[in-house]
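These notes are about the structure you will find just below.
Protein chains: 2
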Amino acid sequence: MDNRSVTALRRVDLARATGCNLETIRYYETVGIMPDPPRTAKGYRSYDDAHVRRLKFVMRSRDLGFSLEEIRGLLGLVDDRSQTCAQVQTVAEAHLHDVQAKIADLTRIERVLSETVARCTGDAAPECAVIDALLEA
Amino acid sequence: MDNRSVTALRRVDLARATGCNLETIRYYETVGIMPDPPRTAKGYRSYDDAHVRRLKFVMRSRDLGFSLEEIRGLLGLVDDRSQTCAQVQTVAEAHLHDVQAKIADLTRIERVLSETVARCTGDAAPECAVIDALLEA
DNA sequence: TCTACGGTCTGTAGTTGATACAGGCTCAAG
DNA sequence: CTTGAGCCTGTATCAACTACAGACCGTAGA
C-alpha cells in the first residue's frame, strides 16, 4: 500500500465514488465532458480527487436535468473563473424555464389522462372512454 | 379532378392533414405503427381517410406522452375491439403514474433550481450560488 | 414543348445520452 | 499458478425521429 493508492483511482473506483456508471465515464471522456485521464504504463486510466469532484459536479447537474450541452457550458464557466455569476445565472434561468415548461406540459397531460381514465367503466366490454377520447376528431 | 382525388392522398397531404412530419410517416410504417399503404403504378404511396384517422390517433396519443410501444398496444386494442375497457384502463393508468412521477421529479428540480438562482447576485463577479451549489459535496 | 418546381422514392447517417457486449489483456490474492 | 475482478478498444443497441443524397416523376406556366 504505497502513497499513490490514496489518490490513484481506477475506473471502477471513480464509478463507485460518484455513483456514475462505469461505461458512462468513458462516454463522458469521448464527448469531452471529462478530460482524458493520465494512463499507467500499461495504459490503464488513472484518476484522482479532481476527477471525482468534476464528475460529481456533472452528476449533480444531470440530476437537476441539465443537458450535457448545458453541463459543458457550466463546466466552461467553472474552469474559467474569470466568468461572471451573471453568465451562470443566465444558463440556470434558461434551464429553469425549460423545466417549468415541461411541468406545465405534463400537468396538462396528467389532467386529460386522469379525467379520461376516470370515465372508464373498467368493464370487460369493448367500449372505452380512453379509446373514444383518442379516436374523436 | 376525378373522384379519386377526394380520398387518394400523397404523403405530403397526409402530413398536412395530421400535422405529422413527412419523414415520420415513413418511419411509422417501417416500425409498424402505420400499415404499408397501397402504391400507385409508379410506386407512390396512396393514403385514404382511414390512414388519416389512424395517424391522428397516434398523434393524439403521442401528445399525451404515450411511448410508441404503448401506442402500439393501444392500437392493438383498437384494432381488436374484442379487447376490454379494463385492459385499456390498465395501460392508461400505468402511463398516468409515469407522468405523475415525472411531474414530481421536475417539481423537485424546479424548487432546487429556483432557490439556487434566487441566491445569485447576478454580479460581474466569479462567485456564484449556482456553481457553489453544484460544487458542494 | 420546354423548363422549373415541388413532390416522391430508397437507403443510410446523424441526433442525445447513454448502455452493453465481444475479445483480449493485466493484476493481485490465495 | 490459478482464479476472478478489472482493464482495454471498438462497435452495436436503444427511442423516436430527422435529414440528407441521388434519382425519378408530374404538372403548371411561358
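Listed in order, the protein sequences are those of chains A and D.
Okay, so the first sequence: first residue is 1 according to full-length UniProt numbering, each after it adds one.
Okay, so the second sequence: first residue is 1 according to full-length UniProt numbering, each after it adds one.
Cβ atoms here follow ideal geometry from the backbone N, Cα and C, with glycine treated the same way.
Please read these numbers as outputs of a predicted model, since none were measured by experiment.
- Identification of chain A residues near T116/D by a Cβ-Cβ cut-off of 8 Å yields A92, ordered along the chain.
- In this chain, the alpha helix (DSSP H) harbouring G73/D covers L68 to D79.
- In this structure the stretch 44 to 55 of chain D lies against the stretch 7 to 27 of chain D, because at least three pairs of beta carbons, one per stretch, are closer than 8 Å.
- Judged by pairs of C-beta atoms under 8 Å, the stretch 106 to 123 of chain D touches the stretch 87 to 106 of chain A, as three or more such pairs exist.
- Remark: C-beta atoms of L74/D and S61/D approach each other more closely than 7 Å.
- For the pair T116/D and A133/D, the CB atoms are nearer than the 7 Å cut-off.
- Between G43/A and the set R11/A, T84/A and E136/A, the nearest pair of CA atoms involves R11/A.
- Under the 7 Å criterion on CB atoms, E70/D is classed as non-interfacial with respect to chain A.
- Taking all protein chains in view, the Cβ of G32/A is surrounded by fewer than 16 other Cβ atoms within 10 Å, so the residue is classified as exposed.
- Identification of chain A residues near G122/D by a Cβ-Cβ cut-off of 7 Å yields C85, A86 and Q89, ordered along the chain.
- Short of 6 Å from the beta carbon of Y47/D, and not among the five residues preceding or following it, lie these beta carbons of its own chain, in chain order: L9, L14 and P37.
- Taking the Cα of M59/D as reference, the smallest distance to any Cα among R45/D, A41/D, R39/D and M34/D is reached at M34/D.
- Residue burial is scored here from C-beta neighbours: L22/D has fewer than 16 other C-beta atoms within 10 angstroms and is therefore classed as exposed.
- D63/D is the residue among F57/D, I25/D and D63/D whose C-alpha sits nearest the C-alpha of D105/A.
- Separation of I71/A and V91/A (C-alpha to C-alpha, rounded to the nearest whole angstrom) is 10 Å.
- Among the residues of chain D, those whose CB is under 8 Å from the CB of A125/A are T84 and C85, following chain order.
- Annotation: the continuous alpha helix (DSSP H) that includes A86/D extends over C85 to A118.
- Under a criterion of Cβ atoms nearer than 8 Å, the residues of chain D adjacent to T107/A are, in order, I103.
- In its chain, beyond the 5 residues on either side, L77 have a beta carbon closer than 8 Å to the beta carbon of Q87/D.
- Using beta-carbon distances, G65/A counts as an interface residue toward chain D, with a partner under 7 Å.
- As the crow flies, the alpha-carbon of C128/A is around 36 Å from that of G65/A.
- Residue contact with chain D for L14/A: absent (no Cβ-Cβ distance below 7 Å to any residue of chain D).
- Look at I33/D: its C-beta is not under 7 Å from any C-beta on chain A.
- Contact annotation, Q83/A with V130/D: C-beta distance approximately 12 Å; criterion of less than 8 Å not satisfied.
- Note: L9/A is bridge-paired with Y47/A in the DSSP secondary-structure output.
- Ranked by how close their Cα comes to the Cα of A94/D, the residues R119/D, S114/D and S67/D have S67/D in first place.
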